[in-house]
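Written below as structure tokens is the structure these notes are about.
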Amino acid sequence: MSRSHTHVPQEVTAQACPLVEVIDHVAGKWSISILVVAARGSVRFTELERSIEGISRRMLTLNLRKLERDGLLTRTVHPTVPPKVEYSLTPMARELHSYLIGLVDWAERHRGAIAKARTDYDSTAAAMGAAKNS
């Protein structure tokens, strides 16, 4: 294939990069967990921290800022001592949540089949590797 056929127009690149970035943000392990927990209603930082197994405070903070910056979370600071901060989904995130629930349901339904497929694949690959080395 010639080099002239591999050039990607700048307009396509300009549109694709933000799309990939958005998908990376919302499809991340922690982002999905945060959005699912926040879909239950306004939630405080400590509630999120307790609800999401394995997330560090730093990772939670970074992901909350990222989701707020992307317009998926609203951060509300109540003027109390100490300040009470709550996070809630924006309308855009509520729409996204409906899709995430479908994805989570799909993953739960097919978790066993995927595990079996991986085991079968690994067994076949190991057998082929052993035969190749013989």
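So the sequence shown is numbered by the working numbering: it starts at 4 and just counts up by one.
Quick reminder that beta carbons are idealized off the backbone N, C-alpha and C, glycines included.
Closer than 7 Å by C-beta to V46: which residues in its own chain qualify, once you throw out the five before and the five after it? Chain order, please.
-> V40, E89, Y90
Cβ-based neighbour list, H100, same chain, cut-off 8 Å, excluding 5 preceding and 5 following | L38, V39, A42, L92
Would you check if the distance between the CB atom of L76 and the CB atom of L65 is smaller than 8 Å?
-> no
Same chain only: Cβ atoms within 6 Å of I55, ignoring 5 sequence neighbours per side = S36
What did DSSP end up calling V88 once you bin it into helix, strand or coil?
-> strand
Span of the alpha helix (DSSP H) around T127 = 94–136
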